[in-house]
Amino acid sequence: MAIFRDANAAPHLHPVPNSVEDSKPSSAVHDRPIGDIIRRKKNLSPDQVDQVLQFQREKGVRFGEAAVALGLASDDDVMFALSQQFHYPYAPDQRRELGSELITATQPFSHQAEAFRAIRSQLMMRLFTNEEPRRALAVVSPDSGDGKTFFSSNLAVVLSQLGGRTLLVDADLRGPRQHEVFELDTSSGLSGILSGRAETNVIKHVPNLPSLFVLPVGITPPNPLELVERPAFGLLIRELLNKFDHVIVDTPAAVYGSDATVIAAKCGAALVVARQGKSKVSRLQDLVATLTGSPAKLAGVIMNEH
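First residue of the sequence shown? That's 21 in this note's numbering, and the numbers climb one at a time after it.
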């Protein structure tokens with residue numbers, strides 16, 4: 021996807037080869053037996069498959085359980101096979117050392133991942149409904165170290181696992197980190213778009229998560245607040261909402277200035293993240309009061325225990 025604009029024009033998205041439109045998951049769903057998925061993943065020989073089938077018949081268990089019992093597969097292999105059969109994006113083993121913060125992708129059946137799914141359910145009922153106007157969701161926090169980047173990246177993952185196209189925008193123009201979480205190139209991104217430069221391939225597809233895309237910051241600018249206050253930012257958000265089912269926006273901590281509240285107002289909705297035992301109550305109250313008096317709908321406050 022390429023994004024072009026001049027200093028006096030609204031940002032506009034132009035599809036190019038390998039664009040978002042070309043990256044839609046196929047509408048055709050092909051069911052594959054668990055055994056076939058495990059066999060291909062572990063490269064089992066015909067003799068090994070016969071051993072598993074014989075054990076399966078003798079013990080009356082499923083193929084995956086038989087393969088684990090014989091030491092030919094692991095519990096993780098079975099989980100991966102189940103995720104493939106039920107069309108649930110799940111990062112394979114070779115990706116696990118990358119983006120260790122993405123627990124919803126690498127450990128989708130963990131307690132933490134389940135907590136993110138619970139938050140997703142609340143958002144789907146309260147914010148992302150047919151009765152509500154289309155909004156992007158800005159994730160904001162009172163101070164640095166509250167876990168805002170960790171939260172927004174994992175929230176984007178679980179939203180994408182519903183199957184709708186999800187875009188994570190890194191609008192933390194002061195201290196961006198999403199490019200580190202997803203290991204993305206930083207030569208182009210949001211800052212270039214807002215400063216009026218022609219940028220190409222700024223929206224990156226996340227491997228192994230077919231419905232997830234990321235717009236990184238690009239070059240960290242010297243004037244972050246001025247860039248997000250320009251009309252172009254609001255126009256860009258509106259256009260992105262026309263192309264994605266969900267748009268999640270990471271922001272700078274409120275302690276660094278008014279960037280977060282400006283971004284939230286242009287997104288239309290905000291979710292506050294605070295860290296248990298660290299965030300000061302006074303700062304949290306000030307941030308909530310500011311958002312309550314802004315055009316943004318306050319979706320809630322999350323207390324980060326991790």
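We treat Cβ as the ideally placed atom computed from N, Cα and C, and that holds for glycine.
Annotated three-state conformation of GLY80 is coil, per DSSP. Counting the other CB atoms within 10 Å of its CB gives GLY184 a total below 16, which places it among the exposed residues. Rounded to whole angstroms, the separation of the alpha carbons of PRO128 and ALA191 is 26 Å.
In this chain, THR271 is not harboured by any alpha helix (DSSP H), its DSSP state being neither H nor E.
Counting the other Cβ atoms within 10 Å of the Cβ of ASP306 gives fewer than 16, which makes it exposed. Residue environment analysis places LYS224 among the buried positions, since at least 16 neighbouring C-beta atoms fall within 10 angstroms of its C-beta.
A straight-line Cα-Cα distance of about 11 Å links LEU92 and LYS61.
8 Å or more divides the Cβ of ARG146 from the Cβ of ALA285. ALA86 and GLU134 have their C-alpha atoms roughly 27 Å apart.
Look at ARG155 here: in three-state DSSP terms it is coil, with no helix or strand label. Look at GLY55 here: in three-state DSSP terms it is helix. Under the three-state reduction of DSSP, VAL72 is assigned to helix. The DSSP assignment places 266 to 270, 288 to 295 as complete runs of the beta strand (DSSP E) inside the region 238 to 311, in order along the chain (cut-off: 3 residues). In this model, GLU200 and ILE57 are separated by some 31 Å (Cα to Cα).
By the Cβ-count criterion, ASP70 is exposed, with fewer than 16 other Cβ atoms from all chains shown falling within 10 Å of its own Cβ. Between the region 293 to 307 and the region 159 to 176 there are three or more inter-stretch CB-CB distances shorter than 8 Å, so the stretches are counted as touching. Membership of THR186 in the beta strand (DSSP E) is indicated by the continuous run 186 to 190. Annotation: VAL234 is outside any alpha helix (DSSP H); the continuous beta strand (DSSP E) that includes it extends over 232 to 235. Within the same chain, and ignoring the five residues on either side of LYS168 in sequence, the residues whose Cβ sits closer than 6 Å to its Cβ are VAL159, SER161, VAL293. In this structure GLY288 is buried. Its beta-carbon is surrounded by 16 or more other beta-carbon atoms within 10 angstroms. Going by C-alpha positions, LEU247 is about 12 Å away from LEU256.
In this structure, DSSP gives GLY91 a state outside helix and strand, which the three-state scheme calls coil. Listed in chain order, the alpha helix (DSSP H) runs fully inside the region 135 to 183 are 168 to 180, counting runs of at least 4 residues.
Per DSSP, reduced to three states, the secondary structure at GLY195 is coil, with no helix or strand assignment. Your pair LEU193 and ARG250 does not check out as a contact, with CB atoms roughly 12 Å apart and the cut at 8 Å. Residue range 210 to 214 is occupied by the alpha helix (DSSP H) that includes LEU210. Secondary structure of VAL222 (DSSP, three-state): coil.
One alpha carbon belongs to ASP95, the other to THR126, and they sit about 14 Å apart. Within the same chain, Cβ atoms closer than 7 Å to the Cβ of ASP97 are found at ILE58, LYS61, LYS62, the five residues on either side in sequence being excluded.
For ALA309, the number of other beta carbons within 10 angstroms of its own is below 16, and it is reported as exposed.
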